[in-house]
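Residue numbers (the numbering used here): 308 to 504.
So, in structure tokens, the structure goes:
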């Protein structure tokens, strides 16, 4: 505990660490109470880009954890930050859920939806709505030289009862197998400080 007393801010994972699915992990809220009582800051970080900070705030509230949106940071948000800083062009073919699409649109990106409307980038999030048509379209763009970016590398997302659901890393492997092209991956544990495109 002596090693922890000088830490000013704690970065907390969510899926499989703070909760599993819709079940809070024993002791998680107690740990936050300790941090609050000691006036420590904490920020929730998640590689799960299927939700945005607004939906995560609602999810945490339903579990009895009340935080501000500023205390939540997703890999989708990190991808937007990275692209704003390093990428030329704002037209993207985004494979992601509605909350992720909303997040990109609010940040000023234009979502390409017509098959023959070539984007500046292909972006892969944790798309729980992924279809064969989306896969095929993305592969065509990648083979045509459109740069590839993925929000995070996790192969599986933990859920209740010791189960897992396939995550973005598994989808990345599929695209790599079909096209031979690997993405720039943004989420933890990756970190970038230079321009790629």
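Where is the CB? At the ideal position from N, CA and C, for every residue including glycine. Only a predicted model underlies this, so the values are computations on that prediction, with no experimental measurement involved.
By how many angstroms is the C-alpha of residue 449 removed from the C-alpha of residue 366? Translated into positions along the chain shown, residue 366 becomes position 59. Translated into positions along the chain shown, residue 449 becomes position 142. Taking the straight line from one Cα to the other gives about 35 angstroms.
C-alpha distance - residue 502 paired with residue 390, whole-angstrom precision: Translated into the one-based positions of the chain shown, residue 502 becomes position 195. Translated into the one-based positions of the chain shown, residue 390 becomes position 83. Below a pLDDT of 50, predicted positions are generally treated as unreliable, and residue 502, at 38, falls in that range; the measurement from the model is reported next regardless. Their backbone Cα atoms lie some 9 angstroms apart in a straight line.
Boundaries of the beta strand (DSSP E) in which residue 380 is found, first to last residue: As a first step, residue 380 must be located in the chain shown, where it is residue number 73. From DSSP, the beta strand (DSSP E) with residue 380 extends over 379 to 381.
Could you pull the start and end residues of the beta strand (DSSP E) that residue 471 belongs to? If you number the chain shown from 1, residue 471 lands on position 164. Looking at the DSSP string, the run of the beta strand (DSSP E) that includes residue 471 is 471 to 473.
Using three-state DSSP, classify residue 414 as helix, strand or coil. Your numbering for residue 414 matches position 107 in the chain shown. Three-state result, residue 414: coil.
Around the Cβ of residue 360, are there at least 16 other Cβ atoms within 10 angstroms (buried) or fewer (exposed)? By 1-based counting over the chain shown, the position of residue 360 is 53. Answer is buried; the Cβ neighbour count reaches 16.
In the structure shown, what three-state DSSP assignment does residue 348 receive? Mapped onto the chain shown, residue 348 falls at position 41. Reduced to three states, the DSSP call for residue 348 is strand.
Reduced DSSP secondary structure (H/G/I, E/B, other) of residue 463: The sequence position of residue 463 within the chain shown is 156, counting from 1. Three-state result, residue 463: strand.
Exposed unless 16 or more other CB atoms sit within 10 angstroms - verdict on residue 439: Taking the first residue of the chain shown as 1, we reach residue 439 at position 132. Residue 439 comes out exposed.
Below 8 angstroms on the Cβ atoms is my contact criterion, and I expect residue 479 with residue 457 to pass it. Report the Cβ-Cβ distance as a whole number of Å. By one-based count along the chain shown, residue 479 stands at place 172. By one-based count along the chain shown, residue 457 stands at place 150. With 8 angstroms as the limit, residue 479 and residue 457 qualify as a contact, their Cβ atoms being about 5 angstroms apart.
Whether or not the segment 430 to 437 and the segment 396 to 404 are in contact is what I'm after, with contact meaning three or more pairs of Cβ atoms, one per stretch, closer than 8 angstroms; do they touch? Because the criterion of three Cβ pairs below 8 angstroms is met, the segment 396 to 404 and the segment 430 to 437 touch.
I believe residue 322 touches residue 460 by the beta-carbon criterion, under 8 angstroms. Please report the beta-carbon distance rounded to the nearest angstrom. In the chain shown, the residue the question calls residue 322 occupies position 15. In the chain shown, the residue the question calls residue 460 occupies position 153. That belief does not hold up - the Cβ atoms of residue 322 and residue 460 are roughly 14 angstroms apart, past 8 angstroms.
Between residue 318 and residue 350, which are expected to be in contact by the criterion C-beta below 8 angstroms, what is the C-beta distance as a whole number of angstroms? Here residue 318 refers to the residue found at position 11 of the chain shown. Here residue 350 refers to the residue found at position 43 of the chain shown. Indeed they touch by this definition, with Cβ atoms about 6 angstroms apart.
Quick one: Cα of residue 324 to Cα of residue 332, how far? Here residue 324 is taken as the residue at index 17 of the chain shown, counted from 1. Here residue 332 is taken as the residue at index 25 of the chain shown, counted from 1. Those two C-alpha atoms are separated by around 7 angstroms.
Simplified DSSP state of residue 486, which is helix, strand or coil: On the chain shown, position 179 is the one that residue 486 refers to. Helix.
Applying the criterion that 16 or more other CB atoms from any shown protein chain within 10 Å of the CB defines a buried residue, is residue 394 buried or exposed? By one-based count along the chain shown, residue 394 stands at place 87. So residue 394 ends up on the buried side.
Other residues of its chain near residue 412: CB distance less than 8 angstroms, five sequence neighbours each side excluded: Taking the first residue of the chain shown as position 1, residue 412 is located at position 105. The answer, listed in chain order, is 418.
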